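Participant: The structure that follows is given in the form of C-alpha cells.
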Amino acid sequence: MRKTIKSVFDAMNDIQGVLIVAGIPSMITGELRTAQRRLGSTKEDIITNSLIYDAEQKQWGIFNINVHVPNLKNQTAENPTAKDNTQPDVTRMYTVGAAIVAALDDYHGFDFSLSLRNPGELKGFNTDWYYNIQVNYNFLRTDY
Numbered sequence: 006m007r008k009t010i011k012s013v014f015d016a017m018n019d020i021q022g023v024l025i026v027a028g029i030p031s032m033i034t035g036e037l038r039t040a041q042r043r044l045g046s047t048k049e050d051i052i053t054n055s056l057i058y059d060a061e062q063k064q065w066g067i068f069n070i071n072v073h074v075p076n077l078k079n080q081t082a083e084n085p086t087a088k089d090n091t092q093p094d095v096t097r098m099y100t101v102g103a104a105i106v107a108a109l110d111d112y113h114g115f116d117f118s119l120s121l122r123n124p125g126e127l128k129g130f131n132t133d134w135y136y137n138i139q140v141n142y143n144f145l146r147t148d149y
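Numbers 6 to 149, taken from our numbering, label the letters of the sequence shown in order.
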C-alpha cells in the first residue's frame, strides 16, 4: 500500500495554497515564503513555519503564519529633533492579519482541514515587529 503521509513541507504548501487562493499575496508588497524571511527584506512579507508536526494516523501540527510589515517612518519622539522609526504599523498588520484569519479559520480542503489556534499576537524584538497567527493543521492518513 502506498504511504499517504504528508511532510511538513506538504502541510506548509497546503496552507500557502489557501492564502494564494484567497488573494493574500496580492495584498502585500513582499513575498509569501516558507521557513524564513529573506535577509534584509524591508517589504511586507508573510512567512509560514512549523512548531510541531506528527506522523500519527491523524496527522496534526501547529503552524505559524508571521506577517512582517515595515515600521512606521519618522514618528515624532519625545525629543522634537529626533525621529522614531521603531513603531510597528499595527493598522497594516491588522488589515493583512484579518484577511489571513478569514481565509484560514475553519477551512476544509480536499484532504486537510485548518482551525485557528491563535488569531493573532503582536511580537517584537527591539525594532523588528511581526504579527503571529497560529493554525492547527489536520490530515487523515488512509494507509493504516
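Ideal Cβ positions, reconstructed from N, Cα and C, are used throughout, including at glycine. These numbers come from a predicted model, not from an experiment.
Indicate whether the contact test is met: 3 or more Cβ pairs, each with one atom in the region 74-91 and one in the region 110-127, closer than 8 Å.
Facilitator: These segments do not touch.
Participant: Let me know the beta strand (DSSP E) ranges lying completely inside the region 22-65, each 3 residues or longer, listed in chain order.
Facilitator: Entirely contained in the region 22-65, the beta strand (DSSP E) runs reaching 3 residues are, in chain order, 37-39 and 50-58.
Participant: Expressed to the nearest angstrom, what Euclidean distance is found between the alpha-carbon atoms of PHE117 and ALA107?
Facilitator: If you take the alpha carbons of PHE117 and ALA107, they lie about 17 Å apart.
Participant: Which residue's Cα is closest to the Cα of ILE10: GLY35, ALA60, GLY129 and ASN54?
Facilitator: When only C-alpha atoms are compared, the closest one is ALA60.
Participant: What does the alpha-carbon distance come out to for the pair GLY125 and GLN21?
Facilitator: Those two C-alpha atoms are separated by around 17 Å.
Participant: Considering only the beta carbon of each residue, do ASP19 and GLY114 sit closer than 8 Å?
Facilitator: Against a cut-off of 8 Å, the Cβ pair of GLY114 and ASP19 comes out as a contact.
Participant: Compute the Euclidean distance between the alpha carbons of ASN131 and VAL72, then round it to the nearest angstrom.
Facilitator: Spanning the two alpha carbons is a distance of roughly 17 Å.
Participant: Decide yes or no for the touch test of the region 47-56 against the region 20-34: beta carbon pairs closer than 8 Å, at least 3 of them.
Facilitator: As far as the Cβ criterion goes, the region 47-56 touches the region 20-34, which means the pair count is three or higher.
Participant: Inspect the beta-carbon positions of PRO85 and LEU127 and report whether they are closer than 8 Å.
Facilitator: Going by C-beta atoms, PRO85 is not nearer than 8 Å to LEU127.
Participant: Please state whether DSSP places ASP148 in a helix, a strand or coil.
Facilitator: ASP148 falls in the coil class under three-state DSSP.
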